[in-house]
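Peer 1:
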Amino acid sequence: MAQNFKVDQAGTFAGPLVFIQCVEKRAINAAGQSAGQAKTNDGTPKWELHLLGLFNGFGGQITPEVIKVGIASVKNPAEGLSPQTPVILDGLELGVMEKTKRLPSGEEKIIGVNVWHRAEGIRPFSGQGVRGKSETAA
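Each number in my numbering comes from the position in the sequence shown (counting from 1) with 402 added on.
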């Protein structure tokens, strides 16, 4: 069963996310080969943002991690953003879904989870909204 959670960027990250790159999300066919750019059910191209986040960890530790965030957009959603630009994601969500394996008996066994991130949009960080206050739109 899949579950989605809205991400409070101000409470989750120790600062703004840092843009690294945006690449086309590749579709994979039944043979496991690349089949062009992936698309949503309505035909919108899928993209993958690569971002650096500084996570507020346990005991006050700050942990850097590269996260990949899926986004659907007719054009490159990061057009005009340079690498290392601080950014805010609109509508950031975290999804979790069980990863299963079908046993010879036909029964499905849970062997782990898949975790993903997705967002509705990306924009440059304006210098407000990271330490506990949400950024207001201009």
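Each residue gets a CB set at the ideal place from its N, CA and C atoms; glycine is no exception.
The structure displayed is predicted, hence computed values, not measured ones.
Does the Cβ of residue 524 lie closer than 8 Å to at least one heavy atom of the ligand SAM?
Peer 2: Within the structure as shown, the ligand SAM is missing, as the structure has no ligands at all.
Peer 1: Is the Cβ-Cβ distance between residue 419 and residue 479 less than 9 Å?
Peer 2: no
Peer 1: Leaving out five residues on either side along the sequence, give the residues of the same chain with a beta carbon under 6 Å from the beta carbon of residue 523.
Peer 2: 492
Peer 1: In whole angstroms, give me the CA-to-CA distance for residue 498 and residue 443.
Peer 2: 20 Å
Peer 1: Tell me, to the nearest whole angstrom, how far the beta carbon of residue 485 is from that of residue 422; I am working on the premise that it is less than 8 Å.
Peer 2: Confirmed, Cβ separation roughly 6 Å.
Peer 1: Compute the Euclidean distance between the alpha carbons of residue 539 and residue 471, then round it to the nearest angstrom.
Peer 2: Reliability fails at residue 539, whose pLDDT of 40 lies under 50, so the model's placement of it is uncertain and the value that follows must be treated cautiously. Computed Cα separation, rounded: 21 Å.
Peer 1: Under the assumption that residue 456 contacts residue 464 (Cβ atoms under 8 Å), give the Cβ distance between them as a whole number of angstroms.
Peer 2: 5 Å
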